[in-house]
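Input: a single structure, listed below in structure tokens.
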């Protein structure tokens, strides 16, 4: 069992890890705003132009947002050309023509109804934000990929089933140089996934609650990795462990935390050995 003194209070960070950490944290920050903007724009769209919903498969795709902006600006004369331009070769000309016809039908009905000017302005503002967030996230992801390519640890962590590019980058960025930890237990303590210890006089007990004194971003990345791993059972080891603990009657949150602890042991093992994850 590890106490506060067992975690090194000061750690040295390589510049590459530090730079990646800045990028992954900014990506997390922008993503949170992006998600909220999506929710707000959807709520406004339901009031301003509800029939637009369902026209495109992805309401928040660049094509959908740019077409919607044209509708709000009453500039729909060449909307068919805009749709063809945005989708490029990903869809046929016939598909673009069908979407244009469907949009014009919806516009006929929409133009005959009253629209709140204030809500229309608010929706237009949200569309601008969504497009800007999409642009920022794409730029951050390009820079994250460039840094990650120079860090072999990221590729090793990606070998764990259910862990993709962004999760692997986040885990490595928050973990830093794994060689600074003497063993997996010390890394678990750093992440704050170790059970807390409470003492009173002559009595000492171990709680089921984790200490949460470490890196909350590392914990979050591990929780997401666990959820991705047990979804459709892509990570066999974690899925089997999760199922066994749930059958024992353990609450979902407790089991996910236990899985995150176990997954972090796997991360430490592959980084220490410099070998990819093996089933």
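In the UniProt record's numbering, the protein residues as written are 1 to 279. A virtual CB, placed ideally from N, CA and C, is assigned to each residue, including glycine.
Inset, instruction - Under 7 Å Cβ to Cβ from residue 245, same chain only, skipping five residues before and after it: list those, please. - result: 255 and 258
Legend entry - Integer Cβ distance of residue 172 from residue 143, believed to fall under 8 Å: The Cβ separation is near 15 Å, so there is no contact.
Inset, instruction - Check the C-beta distance from residue 86 over to residue 66 and give it rounded, since I have them as a contact under 8 Å. - result: 6 Å
Legend entry - Nonlocal neighbours in the same chain, by C-beta distance under 6 Å from residue 135, ignoring five residues either side: none
Legend entry - Straight-line Cα distance separating residue 168 from residue 174: 10 Å
Legend entry - Other residues of its chain near residue 151: CB distance less than 8 Å, five sequence neighbours each side excluded: 16, 17, 20 and 172
Inset, instruction - Ignore the nearest five residues each way along the sequence and tell me which others in residue 127's own chain have a CB closer than 7 Å to its CB. - result: 41, 65, 68 and 69
Inset, instruction - Please go through the same chain and pick out, in chain order, the residues whose beta-carbon is closer than 8 Å to the beta-carbon of residue 241, but skip the five residues on each side of it. - result: 258, 259 and 262
Inset, instruction - Would you kindly work out how many angstroms separate the C-alpha atoms of residue 105 and residue 49, rounded to a whole number? - result: 13 Å
Inset, instruction - Just mark residue 29 as buried or exposed, buried being the case when its beta carbon has 16 or more other beta carbons within 10 Å. - result: exposed
Legend entry - Residue nearest to residue 181 in terms of C-alpha spacing, selected from 141, 146 and 265: 265
Inset, instruction - Would you be able to state if there are at least three C-beta pairs under 8 Å between the stretch 92–101 and the stretch 71–83? - result: yes
Inset, instruction - Would you tell me roughly how many angstroms separate the C-alpha atoms of residue 149 and residue 273, rounded to the nearest one? - result: 19 Å
Legend entry - Neighbour-count burial assignment, residue 176, 16 or more Cβ in a 10 Å radius: buried
Inset, instruction - Please say whether residue 179 and residue 276 have beta carbons closer to each other than 8 Å? - result: no
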